[in-house]
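Protein chains in written order, with our numbering: chain A, -18 to 376; chain B, 30 to 195.
Virtual Cβ for every residue (Gly too), placed ideally from N, Cα, C.
Contents: one structure, followed by commentary.
Now the structure itself:
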């Protein structure tokens, strides 16, 4: 099944070969970018319908079920609606900044897609500091939140923008520190090398994915929570919640610009999920060797879909956090936990040469103790701040 | 002196001029962000990957946000200045700027860097930078960490005072 696995790569090489040598670098770049530009917005459309149906079933109702078979063409109807809506800009708004803000969100997010490995030999750009590039362009998206909130000339937009920026910069630290443990253990910032380091299984039934180590498991959970907060998803979506602040910094955007913001947010979610898959879940690697007849890009897609389902599931289950709870959670719980995770990763690395009996169990126990005991202590400390609620009417 | 450098350098200078002379403060801050981005492009063009990406991460992702927060929290109304940006004696400032540029250019051109210019740049990896930081330059690294901690504690104390007074 090597041919199917490398089908896209061979197709690209064949098409690039059709061009004259002068134009070949440009053709190569365009052919690397175009599938991303086609596939991920399509996945965005499908995700919106999956989310609405999924949330509907979790909330004991049907989702959209009118357009198409079981409502599955709803995203086309939504897209057409967004395209044909009138573009209303407030008169007092700063028109230039108001116009540019969606693009300042979209362009860095699309840039971030260019360093992720989607399959074997399927990275658009394989740069030496790929992970650093990803976080650098990810941090450039925070400006768009400010631009949207400020240019709308609306108090609620400004409040939502302030909360949004504060949340995004607070959760960037745990996100980067959780990825730092992976870089420590692999020794490289190159994402293809990080995937290759997870390729040889421990035993035939246990892959060498980083999520199956104590620091990797804790790191993956911390990464997941920080990614949810970075993408402004429930339970961290107070900056753009409809019942709290009437969509916050997005309130003065209508029609296509709102659709672009929506697209940018979901694309950011896909990008950071793909990074989580690359760092912790083995990227495009199959879990067991006998399943390697399934192409690598299909494995990546399956993992991405399961992460999306996880995010939708969390959205349908957990209530929203207040801003002060959110910030306290980031600075007083997640940041110390990520720092302790680094210590646990270091212990795991330096205890590789232990020769005592049950060495693996002892390593697991000590690393898990380093992680679980502070988790329990922090949980107790945070719980004393918020006393047990007394419900007067619901018994 | 190829086309890429000319475009990036022109963008840097134009956005810096715009950051200096626009009336709306938020527009100035955003043009400054474009200046930071073009400086990062220059670093990447010189094949300094780590510095270029750190420039984006730190300057655009943190310093620009800081500037923007400062504008947000201190300007309650949208005041654009009525008076002209350029003062009547602008030619004095221009003369001083040209003189400073000439002095800097003379100093750089007569320094040792230009004389011992190598044709091939050394290949520096992030691993090499980390190695140097942890072995040769560990003392400056720790001192900077201490300085940043002091700044952080100072900022927290300044911010805390306001709440205790109410």
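Under three-state DSSP, which class holds residue 190 of chain A? Counting from one through the first chain, the residue named residue 190 of chain A turns up at place 209. Correct three-state label for residue 190 of chain A: coil.
Using the DSSP secondary-structure output, state which residues sit across from residue 335 of chain A in a beta bridge. As a position in the first chain, residue 335 of chain A is number 354, starting the count at 1. Note: residue 335 of chain A sits in no beta bridge, so no partner.
Contacts that residue 109 of chain A makes with chain B (C-beta to C-beta distance below 8 Å): Translated into positions along the first chain, residue 109 of chain A becomes position 128. Simply 78, 154 and 155.
Who are the neighbours of residue 118 of chain A on chain C, taking C-beta pairs under 8 Å? In summary, chain C is missing from the structure at hand, where the protein chains are A and B.
Name the one or two DSSP bridge partners that residue 184 of chain A has. Along the first chain, one-based indexing puts residue 184 of chain A at 203. Residue 184 of chain A pairs with A:187.
Report yes or no: do the region 88 to 99 of chain B and the region 65 to 75 of chain B share at least 3 C-beta pairs separated by less than 8 Å? yes
Step through the CB atoms of chain B and report whether any lies within less than 8 Å of the CB of residue 127 of chain A. Numbered from its first residue, the first chain carries residue 127 of chain A at position 146. Cβ-Cβ to chain B under 8 Å: yes for residue 127 of chain A.
Can you tell which of A:17, A:99, A:54 and A:58 has the C-alpha that lies nearest to the C-alpha of residue 280 of chain A? Within the first chain, the letter at position 299 stands for residue 280 of chain A. For the residues A:17, A:99, A:54 and A:58, the minimum Cα distance to residue 280 of chain A belongs to A:99.
When the cut-off is 8 Å and only beta carbons count, does residue 93 of chain B lie next to chain A? One-based indexing of the second chain puts residue 93 of chain B at position 64. Answer yes: the Cβ-Cβ gap between residue 93 of chain B and chain A drops below 8 Å somewhere.
Min CB distance residue 62 of chain B to chain A below 8 Å: Position 33 of the second chain, counted from the first residue, corresponds to residue 62 of chain B. Yes, because at least one Cβ of chain A sits closer than 8 Å to the Cβ of residue 62 of chain B.
If you drop the 5 nearest sequence neighbours on each side, which residues of the same chain put their C-beta closer than 7 Å to that of residue 233 of chain A? Here the question's residue 233 of chain A lines up with position 252 in the first chain. Listed in chain order, the non-local C-beta contacts of residue 233 of chain A below 7 Å within the same chain comprise 71, 74, 133, 135 and 138, local neighbours out to five positions each way being set aside.
Alpha helix (DSSP H) segment containing residue 251 of chain A, residue limits: Working through the first chain from its first residue, we reach residue 251 of chain A at position 270. Per DSSP, residue 251 of chain A belongs to the alpha helix (DSSP H) from 237 to 261.
Report the three-state DSSP secondary structure of residue 195 of chain B (helix, strand or coil). Taking the first residue of the second chain as 1, we reach residue 195 of chain B at position 166. Bear in mind that the predicted position of residue 195 of chain B carries a pLDDT of just 49, short of 50, making it unreliable; the figure below should be weighed with that in mind. Here residue 195 of chain B sits in coil by DSSP.
For residue 179 of chain A, count the other beta carbons within 10 Å of its own beta carbon; 16 or more makes it buried, fewer makes it exposed. Which is it? Reading the first chain from its first residue, position 198 is the one you call residue 179 of chain A. Buried is the call here.
Bounding residues of the alpha helix (DSSP H) (the contiguous stretch that carries residue 50 of chain B): By 1-based counting over the second chain, the position of residue 50 of chain B is 21. Residue 50 of chain B -> alpha helix (DSSP H) spans 32 to 50.
Counting along the chain, where does the alpha helix (DSSP H) carrying residue 59 of chain A start and finish? Residue mapping note: residue 59 of chain A aligns to position 78 of the first chain, counting from 1. Taken as a continuous stretch (DSSP letters only), the alpha helix (DSSP H) holding residue 59 of chain A covers 55 to 65.
What does the alpha-carbon distance come out to for the pair residue 149 of chain A and residue 123 of chain A? What you label residue 149 of chain A is simply residue 168 of the first chain in a count that begins at 1. What you label residue 123 of chain A is simply residue 142 of the first chain in a count that begins at 1. Each residue's Cα considered, the two are about 7 Å apart.
Out of curiosity, what's the CA-to-CA distance linking residue 285 of chain A and residue 102 of chain B? Taking the first residue of the first chain as 1, we reach residue 285 of chain A at position 304. Taking the first residue of the second chain as 1, we reach residue 102 of chain B at position 73. Approximately 40 Å, taken between the alpha carbons.
First and last residue of the uninterrupted alpha helix (DSSP H) at residue 195 of chain A: Along the first chain, one-based indexing puts residue 195 of chain A at 214. Counting along the chain, the alpha helix (DSSP H) containing residue 195 of chain A begins and ends at 195 to 211.
Using a Cβ-Cβ distance cut-off of 8 Å, determine whether residue 78 of chain A contacts chain B. By 1-based counting over the first chain, the position of residue 78 of chain A is 97. Closer than 8 Å to some Cβ of chain B, the Cβ of residue 78 of chain A qualifies, so yes.
Determine, using beta carbons only, whether residue 123 of chain A comes closer than 8 Å to chain B. Along the first chain, one-based indexing puts residue 123 of chain A at 142. Answer yes: the Cβ-Cβ gap between residue 123 of chain A and chain B drops below 8 Å somewhere.
For residue 195 of chain B, which residues in the same chain have their Cβ closer than 6 Å to its Cβ, ignoring the five residues on either side in sequence? Looking up residue 195 of chain B in the second chain gives position 166. At residue 195 of chain B the pLDDT is 49, less than 50, meaning the model places this residue with poor confidence and gives no usable figure here.
Environment of residue 31 of chain B [buried if 16+ CB atoms lie within 10 Å]: On the second chain, residue 31 of chain B is found 2 positions in, with the first residue counted as 1. Exposed is the call here.
Closer than 6 Å by C-beta to residue 311 of chain A: which residues in its own chain qualify, once you throw out the five before and the five after it? Chain order, please. One-based indexing of the first chain puts residue 311 of chain A at position 330. 151 and 152, listed in sequence order.
Tell me whether residue 178 of chain B is buried or exposed, calling it buried when 16 or more other Cβ atoms sit within 10 Å of its Cβ. Taking the second chain and counting its residues from 1, the one referred to as residue 178 of chain B is at position 149. A residue is called buried once 16 or more other Cβ atoms fall within 10 Å of its Cβ, and residue 178 of chain B, having fewer, is exposed.
Any chance you could list the alpha helix (DSSP H) runs of at least 4 consecutive residues sitting entirely within the region 66 to 154 of chain B, in chain order? Here the runs fully enclosed are 78 to 84, 93 to 103, 119 to 138 and 141 to 144.
Jot down the residue ranges of each uninterrupted beta strand (DSSP E) in the region 296 to 352 of chain A, minimum 3 residues, whole runs only, in chain order. none
Interface flag, residue 114 of chain A vs chain B, CB-CB below 8 Å: Mapped onto the first chain, residue 114 of chain A falls at position 133. With 8 Å as the cut-off, residue 114 of chain A counts as an interface residue toward chain B.
Taking residue 170 of chain A as the query, report the chain B residues whose CB atoms sit under 7 Å from its CB, ordered along the chain. The residue given as residue 170 of chain A occupies position 189 in the first chain. Here the neighbours are 155.
Per the contact definition of three or more C-beta pairs closer than 8 Å, is the region 77 to 88 of chain A in contact with the region 40 to 52 of chain A? no
Could you give the residue range of the alpha helix (DSSP H) that holds residue 88 of chain A? To locate residue 88 of chain A, count along the first chain from 1; it is residue 107. It spans 76 to 93 - the alpha helix (DSSP H) in which residue 88 of chain A sits, taken as one unbroken run.
Tell whether a beta-carbon distance below 8 Å holds between residue 328 of chain A and residue 351 of chain A. In the first chain, residue 328 of chain A corresponds to position 347, counting from 1. In the first chain, residue 351 of chain A corresponds to position 370, counting from 1. Contact: yes.
Run down chain B in chain order and give the residues with a C-beta less than 7 Å from the C-beta of residue 143 of chain A. The count along the first chain starts at 1 and reaches residue 143 of chain A at position 162. The answer, in chain order, is 101.
Figure out for me which residue from B:184, B:144, B:64 and B:76 has the closest Cα to the Cα of residue 37 of chain B. In the second chain, counting from the first residue as 1, residue 37 of chain B sits at position 8. Of the candidates B:184, B:144, B:64 and B:76, the one whose C-alpha sits nearest the C-alpha of residue 37 of chain B is B:64.
Can you tell me whether DSSP reads residue 269 of chain A as helix, strand or coil? Within the first chain, residue 269 of chain A is the residue found at index 288, counting from 1. Coil at residue 269 of chain A, not helix or strand.
With a cut-off of 8 Å, does the C-beta of residue 131 of chain A fall near any C-beta of chain B? The residue labelled residue 131 of chain A in the question sits at position 150 within the first chain. With 8 Å as the cut-off, residue 131 of chain A counts as an interface residue toward chain B.
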